[in-house]
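Asker: The structure is given below, and queries will be raised subsequently.
Protein chains: 2
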Amino acid sequence: MLNETAVAALEQTGAAEPEKRIRDRGATERAILKAAKNLLAEEGFQNFGINAVARRAGCDKQLIYRYYGGLDGLVEAIGADLGSWVKDRIPEDTGGMFLLTYGDLMERLSLLFLEALRDDPLMRRIVAWEVSENTEQVRRLSEARSKALGLWLDRMRGSLAPPKGVDTAAVNALIFASIQHLVLAAAAGGQCAGLVLKNGKDWEKAATALKRLVRGVYG
Amino acid sequence: MLNETAVAALEQTGAAEPEKRIRDRGATERAILKAAKNLLAEEGFQNFGINAVARRAGCDKQLIYRYYGGLDGLVEAIGADLGSWVKDRIPEDTGGMFLLTYGDLMERLSLLFLEALRDDPLMRRIVAWEVSENTEQVRRLSEARSKALGLWLDRMRGSLAPPKGVDTAAVNALIFASIQHLVLAAAAGGQCAGLVLKNGKDWEKAATALKRLVRGVYG
DNA sequence: ACTGTTACTCACCGATTGGTGACAGACCGG
DNA sequence: CCGGTCTGTCACCAATCGGTGAGTAACAGT
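So this is what it looks like as structure tokens:
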């Protein structure tokens with residue numbers, strides 16, 4: 001039997017061996033990072049661990065320790081990689097829109113953020129992780145996300161002056177909080193505070209309500 | 220040495236033995252439920268398991284299987300116990316307030332809900348659990364919470380007619396979503412979307428913004 | 001006082017977790 | 001060709017997890 005395995009290894013037919021791990025550190029590092037991101041996006045942070053990542057990446061967990069210094073470093077790498085979120089989420093037709101007032105801007109940003117978060121499972125998991133735990137890992141990841149989001153907002157916002165007499169920081173925090181919780185609750189259970197959110201029609205109603213909310217404070 | 224322990228047991232001085240477990244099924248059941256609730260409220264759902272609950276309750280985990288049928292039954296018992304949330308959270312001065320419009324009502328409800336959620340760690344953990352997982356346990360708990368919240372809203376709401384032309388279900392879902400996420404994020408990291416939420420002054424600003432948001436849609 | 005039921009504890013199981021040290025093979029510079 | 005470094009694999013560790021079966025001590029009924 002020892003002979004058989006040796007012969008198989010020498011042959012490298014690849015039929016039984018789906019992917020022969022070649023000797024390429026860069027590729028392995030990328031595979032690990034990709035596996036971690038996918039695992040986090042699909043399974044959530046509950047079963048996110050060294051063993052699970054290594055299993056999905058198809059390599060030994062020892063390599064995660066060697067290349068990323070353990071789970072913490074890997075999470076940090078995910079956070080650093082989160083910067084790519086910004087350039088993927090900038091629509092091209094910003095010039096074609098006429099954002100005359102702060103209300104126009106916030107309405108557009110809210111809807112864009114809603115849509116962006118709705119089809120980005122990784123980002124959703126990170127947000128859910130943020131409100132569930134307070135470890136060093138999460139703190140780093142949260143910081144990276146906040147930074148990426150801030151950068152995104154900067155890119156989207158023109159040079160519109162915010163209205164006076166309104167605590168825009170607090171109001172906007174509430175608006176974005178509502179969007180995040182809505183999307184998270186919908187992704188988890190298909191509804192939020194009794195409001196069913198499954199098909200496109202449900203989401204249209206939510207978007208209309210969101211517009212109304214934004215227009216209510218920002219004219 | 221065997222003599223020593225025997226003597227100690229007979230003496231029941233209680234100095235070395237903090238709490239001698241007496242033979243009382245009802246008390247034990249209550250101790251388990253209380254331990255589970257406290258554990259969930261303090262530690263979160265991450266380290267919530269049979270062993271941890273039994274450890275905190277100071278009894279053997281076997282009793283949890285016997286009395287509650289495992290963790291699932293225990294979680295269900297927590298959910299059933301959640302009904303007590305309603306009667307604890309109904310202010311006594313409802314008669315003293317004059318809620319003339321739907322806007323008055325929603326403003327008051329929003330602020331009450333914000334305050335209630337802010338000093339109820341167990342409820343916070345459950346909400347965080349809801350948006351993080353989708354197991355049967357969480358689903359049951361979520362249903363119980365939703366029911367309790369609905370009952371609370373019914374008790375608080377008079378017979379005010381909602382305004383026409385507004386999707387109150389969607390708008391209210393957004394409002395409550397914003398409150399929940401704000402409180403959760405604050406409890407986890409002390410801030411929400413860049414808005415620091417630590418001392419009372421911060422929360423006053425948030426409450427003002429919330430009022431403005433509600434008044435914006437409901438006049 | 002004997003008996004059976006109830007309340008409770010203990011010891012063990014297999015599986016999985018995070019983590020580490022030792023080893024095998026490919027590659028490269030000398 | 002040889003020795004060292006780099007990449008990857010494997011075996012093992014203690015700890016913890018959920019779960020179960022067997023055993024013990026206190027009580028109640030007769």
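Protein chains in written order, with this note's numbering: chain U, 1 to 219; chain L, 220 to 438. Beta carbons are placed, not taken as given, at the ideal position from N, Cα and C, and that holds for glycine.
1) Compute the minimum distance between the beta carbon of residue 320 of chain L and the heavy atoms of the ligand SAM, and state whether it is under 6 Å.
2) Is there a Cβ of chain L sitting closer than 7 Å to that of residue 205 of chain U, yes or no?
3) Taking its Cβ as the centre, do 16 or more other Cβ atoms sit within 10 Å of residue 229 of chain L, making it buried, or is it exposed?
4) Considering just the uninterrupted stretch of the alpha helix (DSSP H) at residue 110 of chain U, what are its terminal residues?
5) Residue 395 of chain L touches chain U at which residues, Cβ-Cβ below 7 Å?
6) Mapping DSSP to helix, strand and coil, what is residue 18 of chain U?
7) Looking at the structure shown, is residue 191 of chain U part of a helix, part of a strand, or coil, going by DSSP?
8) Count the other CB atoms within 10 Å of the CB of residue 5 of chain U; is the residue buried (16 or more) or exposed (fewer)?
9) Residue 159 of chain U: buried (16+ other C-beta within 10 angstroms of its C-beta) or exposed?
10) Could you check whether the Cβ of residue 212 of chain U sits closer than 7 Å to any Cβ belonging to chain L?
11) How should residue 37 of chain U be labelled, buried or exposed, when 16 other C-beta atoms within 10 angstroms of its C-beta is the threshold for buried?
12) Of all Cβ atoms in chain U, is any one closer than 7 Å to the Cβ of residue 405 of chain L?
13) Assign residue 131 of chain U to one of three DSSP states: helix, strand, or coil.
14) Applying the 10 Å Cβ sphere with the 16-neighbour rule, what's the burial state of residue 303 of chain L?
15) What are the residues that DSSP puts in a beta bridge with residue 196 of chain U?
16) Would you check if there are 3 or more beta carbon pairs closer than 8 Å linking the region 68 to 85 of chain U to the region 146 to 153 of chain U?
17) Helix, strand or coil: which one does DSSP assign to residue 365 of chain L?
18) Within 7 Å of any Cβ in chain L, is that where the Cβ of residue 182 of chain U sits?
19) Near residue 347 of chain L, which residues of its chain fall below 6 Å by C-beta distance, leaving aside the five closest residues on each side in sequence?
20) When DSSP labels each residue in this structure, what does residue 266 of chain L get in the three-state scheme?
21) Quick one: give me the first and last residue of the alpha helix (DSSP H) that residue 86 of chain U is part of.
22) Under 7 Å, Cβ to Cβ, is there at least one residue of chain U near residue 449 of chain L?
23) Would you identify the three-state DSSP class for residue 166 of chain U, choosing helix, strand or coil?
24) Among residues of its own chain, excluding the 5 on either side of residue 422 of chain L, which ones have a beta-carbon nearer than 7 Å to its beta-carbon?
25) Would you mind telling me which residues of chain L sit closer than 9 Å to residue 172 of chain U, beta carbon to beta carbon, in chain order?
26) Counting only beta-carbon atoms, is residue 169 of chain U nearer than 7 Å to chain L?
27) Within the 7 Å Cβ cut-off, does residue 6 of chain U reach chain L?
28) Using 10 angstroms around the beta-carbon of residue 319 of chain L, count the other beta-carbons present and answer buried if the total reaches 16, otherwise exposed.
29) Rounding to the nearest angstrom, what Cα-Cα distance links residue 425 of chain L and residue 74 of chain U in this structure?
30) If you check the beta carbons only, do residue 254 of chain L and residue 275 of chain L fall under 7 Å apart?
31) Three or more C-beta pairs closer than 8 Å, one from the region 343 to 363 of chain L and one from the region 273 to 288 of chain L: is that the case here?
32) Residue 130 of chain U touches chain L at which residues, Cβ-Cβ below 8 Å?
33) Note down the Cα distance separating residue 326 of chain L from residue 209 of chain U, rounded to an integer number of angstroms.
34) Indicate the three-state DSSP secondary structure (helix, strand or coil) for residue 121 of chain U in the structure shown.
35) Exposed or buried, what is residue 419 of chain L when buried is set at 16 or more other beta-carbons lying within 10 Å of its beta-carbon?
36) Take residue 118 of chain U and list the residues in its own chain whose beta-carbon comes closer than 6 Å to its own, dropping the five residues that flank it on each side.
Answerer: In short:
1) No copy of the ligand SAM occurs in the structure displayed, which carries no ligand at all.
2) Yes - at least one Cβ of chain L is within 7 Å of the one on residue 205 of chain U.
3) Residue placement at residue 229 of chain L cannot be trusted, given a pLDDT of 36 that sits under 50; what the coordinates show is reported in the next sentence. By the 10 Å Cβ count, residue 229 of chain L comes out exposed.
4) Its alpha helix (DSSP H) spans residues 102 to 118.
5) Residues of chain U with a Cβ closer than 7 Å to the Cβ of residue 395 of chain L are, in chain order, 193.
6) A caution first: residue 18 of chain U carries a pLDDT of 46, below 50, which makes its placement in the model unreliable, though a value can still be read off. The answer is coil: DSSP assigns residue 18 of chain U none of H, G, I, E or B.
7) Residue state for residue 191 of chain U is assigned as strand, using DSSP reduced to three classes.
8) With a pLDDT of 35 at residue 5 of chain U, under the threshold of 50, the modelled position of this residue cannot be trusted, and the question is left open.
9) The Cβ neighbour count for residue 159 of chain U, taken over all protein chains shown within 10 Å, is under 16; the residue is labelled exposed.
10) Chain L contact via Cβ: present.
11) It counts as buried.
12) Not closer than 7 Å to any Cβ of chain U, the Cβ of residue 405 of chain L fails to qualify, so no.
13) Residue state, collapsed to three classes: coil.
14) Residue 303 of chain L should be labelled exposed.
15) Residue 196 of chain U is bridged by DSSP to U/191.
16) Yes: the two stretches touch, three or more of their Cβ pairs being nearer than 8 Å.
17) Three-state result, residue 365 of chain L: helix.
18) Yes, residue 182 of chain U counts as interfacial toward chain L.
19) Hits under 6 Å: 403.
20) DSSP places residue 266 of chain L in coil when its eight states are reduced to three.
21) Taken as a continuous stretch (DSSP letters only), the alpha helix (DSSP H) holding residue 86 of chain U covers 84 to 88.
22) The requested residue 449 of chain L does not occur in the structure, where chain L is confined to residues 220 to 438.
23) In the structure shown, residue 166 of chain U falls within a coil segment according to DSSP collapsed to helix, strand and coil.
24) Cβ within range, chain order: 416.
25) Residues of chain L with a Cβ closer than 9 Å to the Cβ of residue 172 of chain U are, in chain order, 412, 413, 414 and 428.
26) The beta-carbon of residue 169 of chain U is placed less than 7 Å from the nearest beta-carbon of chain L.
27) Its pLDDT being 37, under 50, residue 6 of chain U is placed unreliably in this model, and the coordinates cannot settle the point.
28) By the neighbour-count rule (16 or more Cβ atoms within 10 Å), residue 319 of chain L is not buried but exposed.
29) Rounded to whole angstroms, the gap between the alpha carbons of residue 425 of chain L and residue 74 of chain U is 35 Å.
30) In this structure, residue 275 of chain L lies closer than 7 Å to residue 254 of chain L by Cβ.
31) Contact fails between the region 343 to 363 of chain L and the region 273 to 288 of chain L, because fewer than three Cβ pairs, one in each stretch, are under 8 Å apart.
32) Within chain L, the residues near residue 130 of chain U are 404, 407 and 408.
33) For residue 326 of chain L and residue 209 of chain U, the distance between alpha carbons rounds to 17 Å.
34) Residue 121 of chain U carries a helical assignment under DSSP once its states are collapsed to helix, strand and coil.
35) Around the CB of residue 419 of chain L, fewer than 16 other CB atoms lie within 10 Å, so the residue is classed as exposed.
36) The answer, listed in chain order, is 183.
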